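Going line by line, the protein sequences match chains A and B.
Heads up: the first sequence begins at 30 in this note's numbering, then just goes up one per residue.
Heads up: the second sequence begins at 33 in this note's numbering, then just goes up one per residue.
Each residue gets a CB set at the ideal place from its N, CA and C atoms; glycine is no exception.
None of these values were measured; they are calculated from a predicted model.
Below is one structure, written out as structure tokens, with a few remarks after it.
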Amino acid sequence: MTEATDYRPMWGELGLDLEKHDALLGVLDQVYTDVYLAQKNRPDGMGYFDFVMSEVHGLRIKELVDAKAAGKIVVGSFCVFVPEELVLAANGVNVGLCAGADFGTEQAERYLPRNTCALIKSFFGFSLEKVCPYLESCDLVVGENTCDGKKKAYETFKDMTKGEFMALDMPNTKSDEGHTVLKRAYLDLVAALERVSGKAITVDSLKAGIETVNKKRAAMHRLAKLRHATPAPISGLDALLANQVFFYDNPERFTDSVNKLCDELEQRIEKKIGVAPDTTPRIVISGCPMAVPNWKLPSIIESAGAVVVGEESCIGERGTQNLVSTDGESVDRLIENLVDRYFTIDCAVFTPNPTRAEHALQIARDTKADGVIHYALQFCSPYQMEAPLLERHVESGGLPVLRIDTDYSQEDVGQLRTRVEAFIEQIRH
Amino acid sequence: MRIIGLDIGSRTVKRVTVEDGEVTNHLVVPNHHDPLAVCDELLSGQRADRVVATGYGRHLYAEHREAVTLTEIRAAALGARRVCPRARTLLDIGGQDTKVIALDAEGEVAKFEMNDRCAAGTGRFLEVMATALSYPMSDFVQASREASGSRSINAMCTVFAESEVISATARGVDRAELARGLHEAVVRRAVAMLRRLPLEDEIVFCGGGALNICLHELIAKALGREVHLPPAPQIVAALGAALSVEGPDGSTKGRVS
């Protein structure tokens, strides 16, 4: 990884705990080398993502610092329900915040019960230990009221952020009232963004924001579709990485890089070049989001001799599905279009939420998957409770399902490996 | 063709030798901190065309010795069909895992469930509880069978259950009734796992836990049906591992890595 630039002065100015931050980067670097760089037959286009990851706390943060100096604002969030389109329209930069690793868990447990999911503990830990440069760069942090864990955690978290904190209200049913609630929340967000940035969101700026994000999502749709091919032209780990970088990177550059990767994958498909033989068992993962550097389950699956061909996940097809219409000549109309698109996200916090299971089965069919692994974080009630419903639906469609509940720790890797290997054996016979 | 199936479990290591499809001998020895040394000793002087390792130590063994691996799930399934050809459901209570496995009509794994990371409801759980009650294992089982009543234990976590047992004895609760309550707790958990699967044809109980006659009786009673108990339940997975080698060239079906 590149060590050319010394970012320590910048990290110091952001208020990071340099010693702990070094420790974090050391672990990240090691895990990345073991999990990613050790893979075989990777597309050349992944070089860009390797570079992004090597500079994830470096060059990208410098870009944020420079953007701020040029008058932009940085807006952080933890969820696909916070529209990047609005952030861009308000002259902002949108970033996903760190929530994918066990870090500062003891600190986090001073504020959170032990039986809180790993994702929530993680963002508390990153914040309390002062190791997330994204969080420390934020002018505004938007916390969405999705699951009980997050919305209650934000009551404590709101006083921990250096920038302003805003709670974004969320509906819990897909009713007309729910639609109204989401629209009102987005109008509140518009007001907050305009206040913090000092710039009004206009029809033109919002249309531009929508177009930028549409292109980014369209590139991800293209990538998802290329993964339907046999042999799989890209590993699940690499495709997951692209989905993860989606939340951090400059959107135009990201879109461009994903499209270049897709060009290469098209050539691979034509030449029948894959990351694994044609007969490799194909798996779809459905469930909780996997934020960087949570590569635990896909890494176990792919090292056990299968390939992941799709993710029904917020960091995956649930998060990127559908585009926003640019039809309309008022900000209100465009926000209505945003709500129409975001309201289709089938997150498990909605009740009922039948389209998620249908979507999982559809992805499995499109990708010609041999089985679905349902992934839930421990103590994540919405996904854990949907697991048996989804399992029944997918099994009734003729595909086997393995249910996994886990967290970010490594202690259960042996048992997970046994289950995943047994599932792959089951598929092969 | 002489194949050795080696099941490297958390508490014991099992060796089964199969020659031209028939079992010629088997042996069970305790495991310890150095499973590789235990395996070496168990295999010393044994001739085999092939070794198939299963159990939690399978990867360790295959990394250091000549062997292919198979998960204990599929190994148990293959072994169970040999000892009970009509087997469609398996309950395997081992040292640190409890597994239930549904087989299709052809004997292939159709679905399985496994306990989470902790030792709740496993063989180890009962061993710790026997010690907490100062019983040797055989007396613990017998006391449970003969107990006039049952004192139910609520905690399933081994650590919490141990404190619950100790505080109950401090209050003068009869230890035989506690022994019974602990067996019932394990059975409740195993039966709940079994109920998640379709129960067809024969149910087979295997693993070291199946040596516990009280567990067998209570499970059959809770399910209201017969549960097949193979003569050597502990070696079922090792047997399955040995039987997994099919072709005359030694090719192994279901090999993962």
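Along the chain, where does the alpha helix (DSSP H) containing residue i start, and where does it finish?
i       : result
V321(A) : Looking at the DSSP string, V321(A) is not in any alpha helix (DSSP H), and its letter there is neither H nor E.
H86(A)  : Counting along the chain, H86(A) falls outside any alpha helix (DSSP H), and DSSP gives it neither H nor E.
V241(A) : With the sequence shown as reference, residue 241(A) is identified as Thr, and Val is not the correct amino acid for it. Its alpha helix (DSSP H) spans residues V232 to L255.
V116(A) : E113 to A118
V287(A) : P280 to E299
P262(B) : That residue, P262(B), is in no alpha helix (DSSP H); it is neither H nor E in DSSP.
E38(A)  : A small fix is needed here, since residue 38(A) is Pro in this sequence, not Glu. Note, P38(A): alpha helix (DSSP H), R37 to L43.
K181(A) : D177 to F186
M169(B) : M169 to E178
Based on DSSP bridge pairs, tell me the residues matched to residue i.
i       : result
E234(B) : A119(B)
M146(B) : K131(B)
S106(A) : G125(A) and V171(A)
K191(A) : Answer is none; K191(A) lacks a bridge partner.
T44(B)  : P62(B)
D307(A) : Answer is none; D307(A) lacks a bridge partner.
R34(B)  : E51(B)
D217(A) : DSSP lists no partner for D217(A).
N57(B)  : T49(B)
If you count every other CB in all the chains shown that lies within 10 Å of the CB of residue i, and 16 or more means buried, which is it?
i       : result
H403(A) : buried
L47(A)  : exposed
A98(A)  : exposed
P38(A)  : exposed
T154(B) : buried
G37(B)  : buried
K212(A) : buried
R297(A) : buried
F192(B) : exposed
S170(B) : exposed
G178(A) : buried
T31(A)  : Bear in mind that a pLDDT of 49 at T31(A), under 50, signals an unreliable position, so the number given afterwards is only what the model happens to contain. By the 10 Å Cβ count, T31(A) comes out exposed.
I40(B)  : buried
R256(A) : buried
E346(A) : buried
H64(B)  : exposed
N144(A) : exposed
V61(B)  : exposed
I'd like the span of the beta strand (DSSP E) that includes residue i, first residue to last.
i       : result
R228(B) : Note, R228(B): premise wrong, no beta strand (DSSP E); not H, not E.
H91(B)  : Premise fails: H91(B) lies in the alpha helix (DSSP H), R90 to H96, not in any beta strand (DSSP E).
D434(A) : V430 to T435
P162(A) : Unbroken run through P162(A) is the alpha helix (DSSP H), P162 to S166; no beta strand (DSSP E).
R26(B)  : Any property of residue 26(B) remains undetermined from this structure, which presents chain B solely from 33 to 289.
V337(A) : V336 to E341
According to DSSP, simplified to helix, strand and coil, what is residue i?
i       : result
V442(A) : helix
Y61(A)  : helix
M75(A)  : helix
A96(A)  : helix
L419(A) : helix
G400(A) : strand
R143(A) : coil
I263(A) : coil
E196(B) : helix
D369(A) : helix
T163(B) : helix
N201(A) : coil
A405(A) : strand
T103(B) : coil
V210(A) : helix
D124(B) : strand
T154(B) : coil
D395(A) : helix
A268(A) : helix
D46(A)  : coil
A72(B)  : Note that residue 72(B) corresponds to Asp in the displayed sequence, not to Ala. It is helical.
A137(A) : helix
V141(B) : strand
Subject >> the stretch 310-317 of chain A contacting the stretch 328-336 of chain A, beta-carbon criterion three pairs below 8 Å >> reply: yes
Original post:
For the 8 Å Cβ check, are there 3 or more pairs between the stretch 71-79 of chain A and the stretch 134-151 of chain A?
Top reply: Short answer: they don't touch.
**OP:** Would you be able to state if there are at least three C-beta pairs under 8 Å between the stretch 206-220 of chain A and the stretch 341-355 of chain A?
**Re:** no
**OP:** Mind the definition here: the stretch 113-128 of chain A touches the stretch 277-287 of chain A only if three or more C-beta pairs lie below 8 Å; say whether that holds.
**Re:** The stretch 113-128 of chain A vs the stretch 277-287 of chain A: in contact.
Original post:
Are the stretch 139-153 of chain B and the stretch 260-272 of chain B touching by the rule of at least three beta carbon pairs closer than 8 Å?
Top reply: no
Original post:
Would you say the stretch 177-189 of chain B touches the stretch 214-221 of chain B, given that touching needs at least three Cβ pairs under 8 Å?
Top reply: yes
Original post:
Do three or more CB pairs link the stretch 42-59 of chain A to the stretch 148-166 of chain A at distances below 8 Å?
Top reply: yes
Original post:
Do the stretch 101-111 of chain A and the stretch 163-181 of chain A meet, that is, are 3 or more Cβ pairs less than 8 Å apart?
Top reply: yes
**OP:** State whether the stretch 226-238 of chain B contacts the stretch 111-118 of chain B, with contact taken as three or more CB pairs (one from each stretch) at a distance under 8 Å.
**Re:** yes
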